[in-house]
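Residue numbers (full-length UniProt numbering), protein chains in the order written: chain A, 1 to 211; chain B, 1 to 512. So the structure is just underneath, and the comments pick up after that.
Structure representation (structure tokens):
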């Protein structure tokens with residue numbers, strides 16, 4: 001995995017900082033921007049349709065590491081799909097978002113998954129399937145089991161969220177952070193099995209210039 | 001000092017905090033968490049000046065007392081303080097006396113330790129006189145009486161070029177936008193008389209309702225297809241477009257429904273374009289100024305011929321725009337161009353300005369300023385690509401951090417994204433006009449930018465001065481470039497003759 005890391009800046013000196021690029025993908029108006037906005041600003045507002053893409057950052061302070069998410073929020077309309085590979089190039093994680101009150105959007109999420117599978121090897125990217133808008137329970141068209149089942153067969157993380165009511169928004173990003181860190185650990189131990197007793201956290205892929 | 005955020009006083013405490021910067025780092029994280037919590041509760045925040053990437057002051061008034069203080073963290077998070085009622089000058093004095101700021105004037109090489117490399121700059125609202133267009137300030141806003149002055153007794157625009165120039169420099173007064181925009185958007189021709197325009201409006205209204213009739217009489221299959229391809233997205237978008245604008249505010253506002261009909265009808269009128277997200281951003285201000293549904297529709301048709309929604313955002317039109325922009329940057333802001341090149345293909349894609357071009361700065365500046373930019377672009381004064389000069393101006397004024405901090409592609413996107421709605425539109429426009437003027441004076445232009453001038457015929461070189469065109473060698477097949485070596489454009493006529501050969505598809509070539 002092409003991870004980026006920079007040495008921890010805290011005086012403890014042992015806690016590394018990982019920088020991960022996360023992309024939000026999904027049909028138009030399933031709530032991609034709203035999820036990002038809720039997660040980063042803890043607020044909800046009616047957002048304009050995304051044109052091109054916008055970008056947020058969020059830091060998570062965990063016991064073992066500091067994680068910095070660079071969240072790329074993309075336009076959902078089909079027409080923009082051709083430019084999307086520009087945005088998800090080099091991504092470490094992807095959230096495939098659909099609207100639980102619109103069955104069609106789950107099918108579209110499956111198409112996005114196919115695009116990602118073309119671009120990435122399974123261990124190169126953490127993918128989460130996110131059923132958003134649980135606040136619209138009365139209009140639900142996709143039941144939880146259906147999303148869950150699909151995620152399970154494809155080996156994706158899964159959660160249902162509501163950006164509006166702040167339901168499980170933090171949780172899904174946290175789950176992604178945990179999964180990414182776990183993969184780092186697995187990779188580190190695999191490396192040490194191959195004769196390296198220590199892992200130099202400052203060595204690989206340190207970002208140049210300003211962090 | 002009056003400041004629109006409550007955090008000005010906390011800057012002092014942070015400044016002290018910075019003095020013993022080295023010792024406080026271990027607690028910084030906890031501090032930051034507390035600060036975040038506090039910020040969310042009451043909108044107050046502190047800035048650790050030791051962790052700043054840059055501190056910049058942008059004055060917005062002539063007296064240099066009001067404006068914005070922009071603080072950027074290393075994570076490219078921005079805090080912007082608005083000083084609406086003065087006081088920024090006092091703060092500026094304090095900063096200028098502060099060793100930590102002034103030291104950043106040292107040469108880059110001397111600042112080997114990145115941590116001490118904080119950028120500090122002050123930007124005055126006036127460009128130095130050497131950087132302003134000489135005709136700047138010669139035009140005031142086009143108001144009713146000035147507008148009537150441009151019309152003869154039968155209502156024809158007497159001298160189109162003079163009108164365009166006046167609009168380019170001075171803009172149009174809000175009260176007559178609805179009347180003048182249809183000319184700029186090629187709904188009315190400048191030669192038309194008032195009578196002819198009235199007749200045209202009637203005829204076009206009839207046509208418009210025929211289009212609508214066509215939409216309403218689709219077969220169920222067609223309807224289903226139309227719903228999937230167009231209506232689903234339009235319905236979602238119109239209710240979230242410009243709702244803070246008085247004109248579209250409130251529940252069940254009939255104007256939102258009008259905007260919806262215009263967009264749906266447009267997709268029927270031009271099925272190859274259909275609906276692209278972002279169109280609602282473009283049509284909303286037209287409707288709010290022009291008011292009449294059919295007139296707005298036809299102005300929108302004119303506008304769309306002039307934008308790059310022609311097909312998908314990845315098509316050759318966008319590529320062409322980006323190519324011109326890259327070349328302009330190479331010519332007018334080589335340091336920035338160099339930075340982009342150093343990032344390779346990703347950098348040269350310039351993701352950060354796609355939205356600027358697609359929506360003509362609508363999301364980058366408040367409406368009043370964005371619409372001034374629209375008018376300046378629509379005036380087609382000396383160039384059909386004025387929007388690209390605006391892009392360069394933004395980069396010149398707000399791109400220092402990008403170069404000095406060698407920001408990567410994604411960081412650039414964040415940098416400019418965060419500046420949206422916080423930039424000084426008037427300053428950007430003035431700079432853009434000055435850049436156009438400088439371009440105009442160049443003794444030589446690269447062949448890659450030759451079309452930039454050719455499209456507007458002899459407009460750009462109306463002074464009779466014609467620059468030489470030379471091959472930049474930066475394009476495929478440059479060995480067979482007609483401008484290999486040095487080729488003189490023989491006369492202004494050569495330009496207009498060349499124009500005939502252009503494909504009609506050339507997006508910006510709809511003049512005559």
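A virtual CB, placed ideally from N, CA and C, is assigned to each residue, including glycine.
On a CA-only basis, which of the options is nearest residue i? Give me that one, please.
i	options	result
residue 380 of chain B	B/333, B/204 and B/166	B/166
residue 201 of chain B	B/210, B/225, B/187 and B/214	B/187
residue 448 of chain B	B/331, B/190 and B/361	B/331
residue 347 of chain B	B/176, B/220, B/409 and B/390	B/409
residue 179 of chain A	A/138, A/110 and A/126	A/126
residue 445 of chain B	B/433, B/141, B/473 and B/67	B/473
residue 211 of chain B	B/248, B/282, B/249 and B/263	B/263
residue 198 of chain B	B/91, B/209, B/179 and B/229	B/179
residue 227 of chain B	B/376, B/246, B/260 and B/240	B/260
residue 78 of chain B	B/97, B/91, B/52 and B/64	B/52
residue 133 of chain B	B/431, B/426, B/230 and B/326	B/431
residue 240 of chain B	A/176, A/135, A/46 and A/64	A/46
At which residues does the beta strand (DSSP E) containing residue i begin and terminate?
i	result
residue 82 of chain B	78-83
residue 157 of chain A	157-160
residue 98 of chain A	93-99
residue 68 of chain A	66-74
residue 144 of chain A	Not the beta strand (DSSP E): residue 144 of chain A falls in the alpha helix (DSSP H), residues 144-154.
residue 67 of chain B	67-73
Residue i to residue j, Cα distance in whole Å?
i	j	result
residue 18 of chain A	residue 184 of chain A	10 angstroms
residue 394 of chain B	residue 85 of chain B	25 angstroms
residue 388 of chain B	residue 148 of chain B	31 angstroms
residue 62 of chain A	residue 54 of chain A	26 angstroms
residue 378 of chain B	residue 150 of chain A	50 angstroms
residue 288 of chain B	residue 164 of chain B	22 angstroms
residue 193 of chain B	residue 374 of chain B	25 angstroms
residue 428 of chain B	residue 397 of chain B	7 angstroms
residue 140 of chain A	residue 218 of chain B	30 angstroms
residue 244 of chain B	residue 92 of chain A	36 angstroms
residue 186 of chain A	residue 86 of chain A	29 angstroms
residue 104 of chain A	residue 222 of chain B	18 angstroms
residue 265 of chain B	residue 184 of chain B	22 angstroms
residue 354 of chain B	residue 195 of chain B	41 angstroms
residue 22 of chain A	residue 66 of chain A	15 angstroms
residue 204 of chain B	residue 129 of chain A	49 angstroms
residue 90 of chain A	residue 120 of chain A	9 angstroms
residue 68 of chain B	residue 390 of chain B	20 angstroms
residue 491 of chain B	residue 469 of chain B	Because residue 491 of chain B carries a pLDDT of 40, less than 50, the predicted location of this residue cannot be relied on, and the following value inherits that uncertainty. Answer to the nearest angstrom: the Cα atoms are 12 angstroms apart.
residue 216 of chain B	residue 206 of chain B	15 angstroms
residue 142 of chain A	residue 109 of chain A	13 angstroms
residue 96 of chain A	residue 42 of chain A	20 angstroms
residue 270 of chain B	residue 172 of chain A	42 angstroms
residue 401 of chain B	residue 337 of chain B	14 angstroms
Rounded C-beta distance between residue i and residue j? I'm assuming under 8 angstroms.
i	j	result
residue 100 of chain A	residue 131 of chain A	5 angstroms
residue 422 of chain B	residue 144 of chain B	Residue 422 of chain B to residue 144 of chain B, Cβ: 33 angstroms. No contact.
residue 413 of chain B	residue 351 of chain B	5 angstroms
residue 135 of chain B	residue 169 of chain B	6 angstroms
residue 273 of chain B	residue 304 of chain B	7 angstroms
residue 161 of chain A	residue 35 of chain A	7 angstroms
residue 89 of chain B	residue 141 of chain B	That belief does not hold up - the Cβ atoms of residue 89 of chain B and residue 141 of chain B are roughly 28 angstroms apart, past 8 angstroms.
residue 77 of chain A	residue 233 of chain B	6 angstroms
residue 361 of chain B	residue 436 of chain B	The pair is not a contact, with the Cβ atoms about 16 angstroms apart (cut-off 8 angstroms).
The alpha helix (DSSP H) that contains residue i, what's its start and end?
i	result
residue 302 of chain B	293-305
residue 112 of chain A	103-119
residue 53 of chain A	Note, residue 53 of chain A: premise wrong, no alpha helix (DSSP H); beta strand (DSSP E) at 53-61.
residue 337 of chain B	334-342
residue 544 of chain B	No information on residue 544 of chain B is available, as it lies outside the stretch 1 to 512 that chain B covers here.
residue 157 of chain B	Segment: none, residue 157 of chain B is in no alpha helix (DSSP H) and carries neither H nor E.
residue 202 of chain B	194-216
Got a sec: which bits of the region 328-354 of chain B sit with their beta carbon under 7 angstroms from any beta carbon on chain A, in order along the chain? 349, 351 and 354
Members of the region 354-376 of chain B that neighbour chain A once the beta carbon cut-off is set at 8 angstroms: 354, 355, 358, 359 and 363
Contacting positions in the region 130-145 of chain A - beta carbon closer than 8 angstroms to chain B: none
Taking a cut of 8 angstroms between CB atoms, which residues from the region 418-441 of chain B lie near chain A? none
Cβ-based contacts, 8 angstroms cut-off: residues of the region 23-47 of chain A near chain B: Residues of the region 23-47 of chain A with a C-beta atom less than 8 angstroms from some C-beta of chain B are 28, 29, 42, 46 and 47, listed in chain order.
What are the residues of the region 264-283 of chain B that lie near chain A, defined by any Cβ-Cβ distance shorter than 8 angstroms? 276, 277, 278, 280 and 281
Selection of the region 243-261 of chain B by Cβ proximity to chain A, strictly under 8 angstroms: 243
Anything in the region 59-70 of chain A with a Cβ closer than 9 angstroms to a Cβ of chain B? List those residues in chain order, please. Taking 9 angstroms as the cut-off between beta carbons, the residues of the region 59-70 of chain A near chain B are 59, 61, 66, 68 and 70, in sequence order.
Members of the region 210-241 of chain B that neighbour chain A once the beta carbon cut-off is set at 7 angstroms: Answer set for the region 210-241 of chain B: 233, 236, 237, 240 and 241.
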